[in-house]
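Scroll down for the structure; my scribbles are underneath it.
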Amino acid sequence: FVAVLDFGAQYGQLIARRVRDLNVYSEIVPCDISADELREMAPSALILSGGPASVYAEDAPRVDPAIFELGVPVLGFCYGHQITAVTLGGKVAHSEVGEYGPATIERDHDSVLFNSTPLKQTVWMSHRDSVCEVPEGFTVTASTDVCPVAAMENAERRIYTTQFHPEVKHTEHGQQILSNFLFSICGLEKNWSMDNLVETMTNEFREKVGDDRVILALSGGVDSSVVAALGARAIGKQMTCVFINHGLLRKNEPEQVEEVFTKQFDVDFIHVHAEDRYAELLAGVTEPEEKRRIIGTQFWKEFFAVAQQLETDDKPVKFLAQGTIYPDIIESGARKTGGKASTIKSHHNLIPFPEGVSFDLIEPLDHFFKDEVRALGLALGLPEHIVFRQPFPGPGLAIRIIGAVDKEKLEILKGADAIVREELDAYNARLFEKTGERNSEHSCWQYFAVLPDIKSVGVMGDERTYQRPIILRAVESSDAMTADWAKLPYDVLARISGRIVAEVPGANRVCYDITSKPPATIEWE
Ligand code: XMP
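Each residue of the sequence shown is one higher than the one before, counting from 9 in UniProt numbering.
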């Protein structure tokens, strides 16, 4: 497999993705992984990603110099190009003029990396620093007017780096360059597809578990449903799916989850009614991280209680399976990314176990991004309405009610949210019909209602009202790492607003959140 050393999350993801698109398996690893750790993982090739830092910045991510001695071919882009230069004795200079966007490179005749690509070609650049002196043993293989070392290589050691980004679509021959590296230089075979991923993951699941028992934290969302389908395939009824109903779910959701997992799937399914316990624990709690902590901690307690009940029959429940995906890990402060990311939000399923609770974890999706999880779900035979469900956070509506959660606010939010989903489901369906693409331009990736902790004055039927506003949040994204607010047509906005105010008692105003991520996040808490 190909290990992508990630110097800045969004770049690494794209590279791993492009490699997989060429039917070679690829995984992201933290950039500060040691050569020894890598040796153990035995990758066939390394790719060093781009990243936002300057190689000379004080806290710039470094790379273990010994990785260049592993004898494994290395390809580096942008930051990966510069860090290779600096680590192997070359120099990087801070230039006055940066290069952002399309640029034309002129390439060397002989470099295998550029085989089957024109001598002059358009590439995508995004840099200010540049390599000004290549390390010993390296030759320059491409340049632009402002960037003398747009690519360099040491063919004997099989180290190739480019200042530009072959992984982005705007680099005309990027996929050919990547393909040259993987097949001509590394001699890899095209031996990876979704189907054999399913096969490999099923086997891994089975091997890890042996004949021990597993419980799965099932929320009914895409991620945990994919793990449920995988677990069902791998170990059947050795796994019990536990659905904790914390009372913070969307309208009709508990019923739908129960329906799918009792009627369409042959799994053991337990519905835990924990609504009252949660309501009591959350009463008066206003601080977002505190809410998340309470909800996550209680989740583990609920699971543990179920596990203990299950243990009375034959075997103890050793494993807890959950649908953690890669972005959850990054944003929760990088449990497995070498501590590079800072905590943005504590994702629910990454809250530490409370005292007395212990399970071994199985998180088969922890290297994948949402769109890949969806592809995996389809390959596993999950129905489309589950696979294309929009993401819903573990702490549920509690983090969409600003301030303390209570029954009345939950009712208002559930009502408004159901309207938002109905209208935007229909809007997305219209776009899908027109374009044939699920996530086409302007389709909404995630959409919901938020209830802020304020009231405002309105007038309804000649009467003064003093009620709550609803905030509409609708974003375009592909992986939740970045997002833009959806440019919804006015008539769609008008319909949503009209319906909420007319149909939801307690709501008298609707506002639209027009902030991207960053600087905001998708959820409000
Ligand atoms: P933010 O708000 O961080 O959200 O931009 C990014 C994506 O993650 C979802 N989200 C969560 N998912 N547990 C989850 O499983 C959580 O605690 C959680 N918090 C946010 C959010 O809905 C969005 O899709």
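We put the CB at the ideal spot given by N, CA and C, even for glycine. Keep in mind the model is a prediction, meaning the values are calculated, not measured.
Any non-hydrogen atom of the ligand XMP within 7 Å of D414 CB: Residue mapping note: residue 414 aligns to position 406 of the sequence shown, counting from 1. Checking the Cβ of D414 against the ligand XMP gives no.
Residue environment, K417, which counts as buried when at least 16 other CB atoms sit within 10 Å: Numbered from its first residue, the sequence shown carries residue 417 at position 409. So K417 ends up on the buried side.
Alpha carbon of V474 to alpha carbon of E431, nearest angstrom: Position 466 of the sequence shown, counting from 1, holds the residue named residue 474. Position 423 of the sequence shown, counting from 1, holds the residue named residue 431. Sequence check: residue 474 is Tyr here, not Val. Taking the straight line from one Cα to the other gives about 26 Å.
Alpha carbon of I530 to alpha carbon of V458, nearest angstrom: Reading the sequence shown from its first residue, position 522 is the one you call residue 530. Reading the sequence shown from its first residue, position 450 is the one you call residue 458. If I take the Cα positions, the gap works out to 11 Å.
Alpha-carbon to alpha-carbon, A315 and A287: Taking the sequence shown and counting its residues from 1, one reaches residue 287 at position 279. Taking the sequence shown and counting its residues from 1, one reaches residue 315 at position 307. Straight-line Cα distance between these residues: approximately 23 Å.
Sub-8 Å separation of P399 and Q330 beta-carbons: Position 391 of the sequence shown, counted from the start, is the residue given in the question as residue 399. Position 322 of the sequence shown, counted from the start, is the residue given in the question as residue 330. No, the pair does not count as a contact, with Cβ atoms beyond the cut-off.
Buried versus exposed, by CB contacts within 10 Å (16 or more), Q129: Position 121 of the sequence shown, counting from 1, holds the residue named residue 129. It counts as buried.
C-beta atoms of L390 and A237 nearer than 8 Å: Here residue 390 corresponds to residue number 382 of the sequence shown, with the count starting at 1. Here residue 237 corresponds to residue number 229 of the sequence shown, with the count starting at 1. Yes, the pair counts as a contact, with Cβ atoms nearer than the cut-off.
Buried versus exposed call for L226 [16 or more other C-beta atoms within 10 Å across all chains shown]: For this step, residue 226 is matched to residue 218 along the sequence shown. L226 should be labelled buried.
Spatial distance of C452 from P324 (CA atoms): For the purposes of this step, residue 452 is taken as residue 444 along the sequence shown, with counting starting at 1. For the purposes of this step, residue 324 is taken as residue 316 along the sequence shown, with counting starting at 1. Cα to Cα, C452 sits roughly 44 Å from P324.
S119 beta carbon less than 8 Å from that of T149: To locate residue 149, count along the sequence shown from 1; it is residue 141. To locate residue 119, count along the sequence shown from 1; it is residue 111. Cβ distance < 8 Å, so T149 and S119 count as in contact.
Reduced DSSP secondary structure (H/G/I, E/B, other) of K216: What you label residue 216 is simply residue 208 of the sequence shown in a count that begins at 1. Of the three classes helix, strand and coil, the one that applies to K216 here is helix, per DSSP.
Beta-carbon gap between I36 and D14 smaller than 8 Å: The residue you call residue 36 lines up with position 28 of the sequence shown. The residue you call residue 14 lines up with position 6 of the sequence shown. Yes; because the gap between Cβ atoms is below 8 Å, this pair is in contact.
beta-carbon G402 near the ligand XMP non-hydrogen atom, thresh 7 Å: Translated into the one-based positions of the sequence shown, residue 402 becomes position 394. Checking the Cβ of G402 against the ligand XMP gives yes.
Separation of K495 from V27, as counted between CA atoms: Indexing the sequence shown from 1 puts residue 27 at position 19. Indexing the sequence shown from 1 puts residue 495 at position 487. Computed Cα separation, rounded: 32 Å.
E267, buried or exposed, once every other Cβ within 10 Å from all chains shown has been counted against 16: Here residue 267 corresponds to residue number 259 of the sequence shown, with the count starting at 1. Counting Cβ neighbours within 10 Å, E267 comes out exposed, since fewer than 16 surround it.
Length-filtered (3 minimum) beta strand (DSSP E) runs lying within the segment 48–111: 53–56, 82–85
Under the three-state DSSP convention, the category P38 falls into: What you label residue 38 is simply residue 30 of the sequence shown in a count that begins at 1. The answer is strand: DSSP assigns P38 an E or B state.
Outcome for N162 when other beta-carbon atoms lying within 10 angstroms are tallied against a minimum of 16: The count along the sequence shown starts at 1 and reaches residue 162 at position 154. Buried is the call here.
H254 beta carbon less than 8 Å from that of G404: In the sequence shown, the residue the question calls residue 404 occupies position 396. In the sequence shown, the residue the question calls residue 254 occupies position 246. The answer is yes: Cβ separation under 8 Å.
Residue of S201, F327, P513 minimising C-alpha distance to K422: For the purposes of this step, residue 422 is taken as the residue at position 414 of the sequence shown. Here the closest residue by C-alpha is P513.
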